[in-house]
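Colleague: Residue numbers (my numbering): 313 to 431.
Note that CB positions come from ideal geometry on N, CA and C, so glycine has one too.
Can you keep this structure in mind? I'll have questions shortly.
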Amino acid sequence: MSPELRELFEIKQEDGNRKTSTPADQNVKKHMTTRLAVFILGTICFIIAINAGGKGGWEEIAFLIFMALFHAAWLLFIIIETVILQTRKKLILRNINLVFIVILVLTYFISGIFLFGFA
């Protein structure tokens, strides 16, 4: 295709030699801080709401369910983002997401052991 047609249709030609992104393209601190902040702030908000509820009741159970749904949605987002980062060859950011996935799954697994006594 001629350069004039590429410019007219705004077609960008991919560089075939670039297989992985450089570490300069991957802002690790920003990526990790953003994911950690969403997780911590969401959890803190739900804990405050649960503690403000009073002495037991259905409100606390509802907030626990909403917190679990929030973490499930966050986990789904992180899994989808991990797949996208894999296809874009941003392996460092993908590995950070994999660590977050493992931490969240282990947190719920350990919480389940303590709450329900699966030992």
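Any idea what DSSP makes of Gln253, helix, strand or coil?
Modeller: Examination of residue 253 is not possible in this model, given that the chain is present from 313 through 431 alone.
Colleague: Among residues of its own chain, excluding the 5 on either side of Asn329, which ones have a beta-carbon nearer than 8 Å to its beta-carbon?
Modeller: The pLDDT assigned to Asn329 is 49, lower than 50, so where the model puts this residue is not dependable, and the model offers no usable value.
Colleague: For Phe412 and Ile390, I'd like the C-alpha separation in whole angstroms.
Modeller: Those two C-alpha atoms are separated by around 8 Å.
Colleague: Can you have a look at Ile408 and say buried or exposed, based on whether 16 or more other CB atoms are within 10 angstroms of its CB?
Modeller: Counting Cβ neighbours within 10 Å, Ile408 comes out buried, since at least 16 surround it.
Colleague: Could you tell me the distance, in whole angstroms, from the CA atom of Val414 to the CA atom of Val395?
Modeller: Near 15 Å, if we compare the C-alpha coordinates of Val395 and Val414.
Colleague: So what does DSSP say about Asn363, is it helix, strand or coil?
Modeller: Reduced to three states, the DSSP call for Asn363 is helix.
Colleague: How is Asn409 classed by DSSP in three states: helix, strand or coil?
Modeller: Here Asn409 sits in helix by DSSP.
Colleague: So, helix, strand or coil for Gly424, using DSSP?
Modeller: Of the three classes helix, strand and coil, the one that applies to Gly424 here is helix, per DSSP.
Colleague: Report the three-state DSSP secondary structure of Gly354 (helix, strand or coil).
Modeller: Helix at Gly354.
Colleague: What's the gap between the Cα of Phe416 and the Cα of Phe378?
Modeller: Note on identity: in this sequence residue 416 is Leu, with Phe being the wrong assignment. Answer to the nearest angstrom: the Cα atoms are 16 Å apart.
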